[in-house]
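Chemist:
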Amino acid sequence: LFLGSKPEQRREGNVWLANSLSDAAQLAVLLMRVALQRQVQPEVAGKGIYGLYAGGTLAAEAAMLLSAGLGVPVS
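Each residue of the sequence shown is one higher than the one before, counting from 58 in our numbering.
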């Protein structure tokens with residue numbers, strides 16, 4: 058995953074390529090076939106979204122998308 062890149066091919070052998078966190082998430086759902094898991098989701102008690110990221114770029118993109126999509130400030 059490289060921000061801003063648009064791979065010419067979606068797949069190289071056993072590797073699937075994504076150009077954003079959203080795209081990567083969609084691929085993960087598709088590949089794992091988790092349609093049945095959507096029916097059994099736990100209750101969410103808190104009101105925060107927390108994440109642990111190893112790269113600043115991924116954390117920045119996640120914060121940007123969450124802020125824009127949910128209308129919440131980034132802290």
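We put the CB at the ideal spot given by N, CA and C, even for glycine.
These numbers come from a predicted model, not from an experiment.
For the alpha helix (DSSP H) that contains residue 132, what are its first and last residues?
Modeler: Locating residue 132 in the sequence shown gives position 75, counting from the first residue. Residue 132 -> no alpha helix (DSSP H), and no H or E assigned at all.
Chemist: If residue 78 and residue 127 are in contact, beta carbons under 8 Å, what's the gap, nearest whole angstrom?
Modeler: For the purposes of this step, residue 78 is taken as residue 21 along the sequence shown, with counting starting at 1. For the purposes of this step, residue 127 is taken as residue 70 along the sequence shown, with counting starting at 1. The Cβ separation is near 14 Å, so there is no contact.
Chemist: Under three-state DSSP, which class holds residue 69?
Modeler: By one-based count along the sequence shown, residue 69 stands at place 12. Residue 69: strand per DSSP, three-state reduction.
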